[in-house]
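Before any comments, here is the structure.
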Amino acid sequence: MEPPAAKRSRGCPAGPEERDAGAGAARGRGRPEALLDLSAKRVAESWAFEQVEERFSRVPEPVQKRIVFWSFPRSEREICMYSSLGYPPPEGEHDARVPFTRGLHLLQSGAVDRVLQVGFHLSGNIREPGSPGEPERLYHVSISFDRCKITSVSCGCDNRDLFYCAHVVALSLYRIRHARQVELRLPISETLSQMNRDQLQKFVQYLISAHHTEVLPTAQRLADEILLLGSEINLVNGAPDPTAGAGIEDANCWHLDEEQIQEQVKQLLSNGGYYGASQQLRSMFSKVREMLRMRDSNGARMLILMTEQFLQDPRLALWRQQGAGMTDKCRQLWDELGSEEEEEVAATSPRHTVFGRALQAGELHWNDAYLQRILASDSYGPSLTGSMGGDKPTFDPQGRPLWLGEPFPTACARVDTLRAHGYPRQALRLASAIINTLRLQQRHQLESYKQQKKELIQKGSTCITNTEGWVGHPLDPIGCLCRALLEACRLEEETLTLYPDSGPEKRKVAYQHVPVPGSPGESYLVLALEVALLGLGQQRALPEGLYAQDKVVRNEEQLLALLEEVELDERLVQVLRKQAGLLLEGGPFSGFGEVLFRESVPMHTCARYLFTALLPHDPDLAYRLALRAMRLPVLETAFPAGEPHPSPLDSIMSNRFPRWFILGHLETRQCELASTMLTAAKGDPKWLHTVLGSIQQNIHSPALLFKLAQDACKTATPVSTPPDTTLLGIALELGLQVMRMTLNVMTWRRREMVRWLVNCATEIGPQALMNIMQNWYSLFTPVEAATIVAVTGTTHATLLRLQLDTPRREELWACARTLALQCAMKDPQNCALPALTLCEKNHSAFEAAYQIVLDAAAGGLGHAHLFTVARYMEHRGLPLRAYKLATLALAQLSIAFNQDSHPAVNDVLWACSLSHSLGRHELSAIVPLIIRSIHCAPMLSDILRRWTLSAPGLGPLGARRAAKPLGADRAPLCQLLDAAVTAYITTSHSRLTHISPRHYGDFIEFLGKARETFLLAPDGHLQFAQFLENLKQTYKGKKKLMLLVRERFG
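Residue numbers (my numbering): 719 to 1768.
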């Protein structure tokens, strides 16, 4: 940041030098301030020094010194504003990121020395400790100032940032806090004028000698021009003096590095998709607002520079060419820019703006006589009576001023503009007039609705009266009014803060009632609450587009956050009750009215705040309001009689309502309102059942209904007190509704829901548990009922919790067994085994379940399930039943010649082992099934070898036979041997049909296994030789393969 190269020219000297002891000495000793200092202060802050010199022919040196002394900024607030962020940095990064804090630390550590003020120029050295292992660094800082503003800065650190560096801050704070310790000199031209020729020559030569490497070329050039009589330099009176202050025509504003602002905004926009870049841009917007509040002209300059960079963003042309929209983050930044532009344009003359609203704001003016009178005074005399022109009144019936000169959002923008530019009293006056107007309009709307109430209620719907709602509006009119009114009521210490808009640790804000002049009994706090409720309760259509809809939600949350900071007293509670009643009676103008536009914004979030606030004071009104707000009209679709309803899981309605991008969020808020009411109604059966009816009517999302059920159950069963049975029943009823809604639409959460429902029914008692078992058809699938409901309902833990006597326990068991048998009949494939397991302890039920399995086998129950049940029977010690089921399974099985890795291989081997262990009779019976079902040669040979290893086990009569192992060449195994040999022959021909050379080795191994099986027969050697010869003749064209066969088998 370099200072300007040239300053205004200085002519003749002002007078002889006089000494002054320093600034503010008299004031520091407690004496009244001198008239000279009082005058010098006023002149220093409003007159350029050139104007002083022109006004007075001779200014005494003491007067010059006092003016020069008081021309430096006296407040640290501006220094802080130009050297701090517009938002709080992350915790722990204050020293690293905020120049003001670093500069303050440098000052307090004694790092500032050799401070000298020469006229309107301040210089000094800053010694900054180096990092560990590095030497101390020395920076030379120069500051120029004029009329209590820093006009340029220069530092050896070459900082390139939007803000003053820490070294400039340290020197500035030193000059403010230790002004009397700073050596003060008049502008250098005053000193030079007192020198004779020899002194001047010596001065120049010493100066050149001290800085010859830097100034010698410039010194020689200037000398040449001065010696040339007709040169331009000789035609100008006087010479420039960088310490003489600004000229009359020079702009008086704080130093702002415009080039750096443009560069940084350009860079941040190019990285606009990143959170950090967006945050930095928002901090710049905050800095603009802060400057405007301080009435600093740089606020407008900075906004113009930012706007130009936004308009030069290359992505604008790209988006236009591609027909694509902005990203949400970019849209949010542009929206914020547009808001700042309108605020600035509304305050000044028309400028280059971004949005249409800002362009329209350029046509606004402040010279309306009635508007000026509203802003000028809190009292209104007879001159204000009458109308604004036409039929627009200027006062309401109570004699309070109105403002009907423009649309409500534009009027609120005026309020925000006045507040942002440092006119808080005028902002409050205009805000009061706007609210008076809203009240009058509300009364007219209620009267109009009463006249057509019957017709609208019969119709059941209405047209929207506000196509552009106030909440979520680009100008944030309700927020503008609320912030202006609340700011006037805030109780907090006036302390210097680095972050004007927010602090790293938010303190609890306290508010007090501040009376409204001219309105007895009213306060700005009351007005803030009233206008917030008017805006939040307004019936308005949901805007189009994701960003606009998201903005509605965010704006509503911001307004409610403001209201939640306000501690409600009796006066505010009365306002709440009155406004709640008006909202309920507001008809088509209120979001809480009896009739709603189908696509109006829901009131769930606002209603939750009102319900919580009103409940301790007027429970009946609180419930009426919250129950009215439970509606979500866009989901309330009437279906003709006989037509099926849409899928119950279609809560997002993406196909039916594609433009409601935030519907899921709105449904969540609806659920939160319902949960709040359920929790509050605990212990009150009347309101609990009323709330339940509203939930069942208005909430259409199974997931949210299930969450409500869980929350209700948790609230109803605290750890330290007895459960609330009514609330538990509500939770169970909600859970049952979820089960019905999702019965035919399987979701991954169904199992969780079913388990929770059983636990909830258990909390209520055995009758509730038996009821869901008896009515399972409408609630659960057979699998859920058999594997979760029946099992969980009869576990040891459940029975202990229920503390049932023996008859009641048996009744519960009987109910569970009946359920299991019904499920097995409905879905034997998945429920037969759970039914058998559950019925183990009851013989008749177990037999019934077994018969269901047998009947299902005839009806097509798959072999896998039959094998599973058969293994279960073997495990239960029922081998004959297991054998029976295994034979039924084998009858349905078919394994081809090439399926040696079939999934049922292990089941088949287990069945063969079972039949072998039972005896020769069972083995003989299963052999034909094996031959019919299995055509895989390796499997057949494996079974054959297993059966020949040992003698068959117990026979049907249970006596072990002293028999030798069965021979493969005798019945019943001879049939299996023939089948195995045939399978090998068939498989060999099949594989040779399409065999490739890389499979020759596998085929030779396959023939080796075949030979082992052939040799089990008495004439197996001869059969195998004939088989090989047949192969050689049939496939003699495969010479390489046949050569391998000869090498291996001869």
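Glycine residues also receive a C-beta, built at the ideal position from the N, C-alpha and C atoms.
Leu-891 is the residue among Leu-891, Cys-1692, Leu-1345, Ser-1642 whose C-alpha sits nearest the C-alpha of Glu-794. For Leu-1551, the closest C-alpha among the options Leu-986, Pro-1261, Leu-1520, Leu-1603 is that of Leu-1603.
The alpha-carbon of Arg-1709 is positioned some 30 Å away from that of Gly-1580. Each residue's CA atom was taken as its position, placing Phe-1585 and Ala-1392 some 51 Å apart. Straight through space, the alpha carbons of Gly-837 and Trp-765 are spaced by roughly 15 Å. Here the alpha carbon of Leu-822 sits roughly 18 Å from the alpha carbon of Ser-860.
At least 8 Å separates the beta-carbon of Pro-1683 from that of Leu-1641. Beta-carbon to beta-carbon, Val-1189 and Asn-1273 are separated by about 5 Å, close enough to satisfy the 8 Å threshold. The distance from the Cβ of Leu-910 to that of Leu-918 is about 7 Å, consistent with a contact at the 8 Å cut-off. If you draw a straight line from the Cα of Gly-1117 to the Cα of Ser-1150, it comes to about 13 Å. Taking one beta carbon from each stretch, the stretch 863-882 and the stretch 757-773 have 3 or more pairs nearer than 8 Å; the two touch. Here Leu-840 carries a strand assignment [DSSP, helix/strand/coil]. The DSSP assignment places 867-873 as complete runs of the beta strand (DSSP E) inside the stretch 860-895, in order along the chain (cut-off: 3 residues). Looking at Lys-1432, Leu-946, Pro-1484, Phe-790, the one whose alpha-carbon comes closest to that of Asp-1523 is Pro-1484. Per DSSP, the beta-bridge partners of Glu-901 are Leu-834.
In the three-state reduction of the DSSP assignment, Ile-1380 falls in the coil class.
Distances from the alpha-carbon of Ala-1532 to those of Asn-1548, His-1561, Met-1543 put His-1561 closest. Taking all protein chains shown into account, Val-1763 has 16 or more neighbouring C-beta atoms within 10 Å of its C-beta and is therefore buried.
Per the Cβ contact rule, the stretch 1447-1457 is in contact with the stretch 1484-1503 (3 or more Cβ pairs under 8 Å).
Measuring C-alpha to C-alpha distances from Asp-879 to each of Gly-1738, Gln-978, Tyr-1753, Pro-791 identifies Gln-978 as the nearest. Annotation for Thr-1524: the continuous alpha helix (DSSP H) segment containing it runs 1524-1544.
Secondary structure at His-1514: helix, using DSSP grouped into helix, strand and coil.
C-alpha of Thr-1155 to C-alpha of Ser-1015: approximately 33 Å in a straight line.
In this structure, the CA atom of Leu-904 is about 28 Å from the CA atom of Cys-875. In this structure, Leu-1611 and Ser-1651 form a Cβ contact; the two beta carbons are roughly 5 Å apart against a cut-off of 8 Å. Here Met-799 is buried, its C-beta having at least 16 other C-beta atoms within 10 Å. Remark: three or more beta-carbon pairs, one from each stretch, lie closer than 8 Å, so the stretch 1694-1706 and the stretch 1659-1668 are flagged as touching. Shown here, Ile-1613 sits in a strand according to DSSP, grouped into three states. By the Cβ criterion, the stretch 1250-1267 is in contact with the stretch 1318-1335, since at least three pairs of Cβ atoms, one from each stretch, lie closer than 8 Å.
Exposed is the label assigned to Arg-773, since fewer than 16 other Cβ atoms lie within 10 Å of its Cβ. Here the alpha carbons of Arg-1157 and Trp-1121 stand approximately 12 Å from one another. Just measuring C-alpha positions, the residue of Pro-1119, Tyr-1167, Glu-1186, Pro-1142 sitting nearest Thr-1128 is Glu-1186. The beta carbon of Phe-1564 sits closer than 7 Å to the beta carbons of Leu-1554, Cys-1557, Glu-1558 from its chain, once the five residues preceding and following it are set aside; these are given in chain order. Linking Gln-1159 to Leu-1251 through their CA atoms gives a straight-line distance of about 15 Å. When the Cα atoms are used, Pro-1233 and Val-1291 turn out to be separated by approximately 17 Å. Thr-1112: not part of any alpha helix (DSSP H); DSSP gives it neither H nor E.
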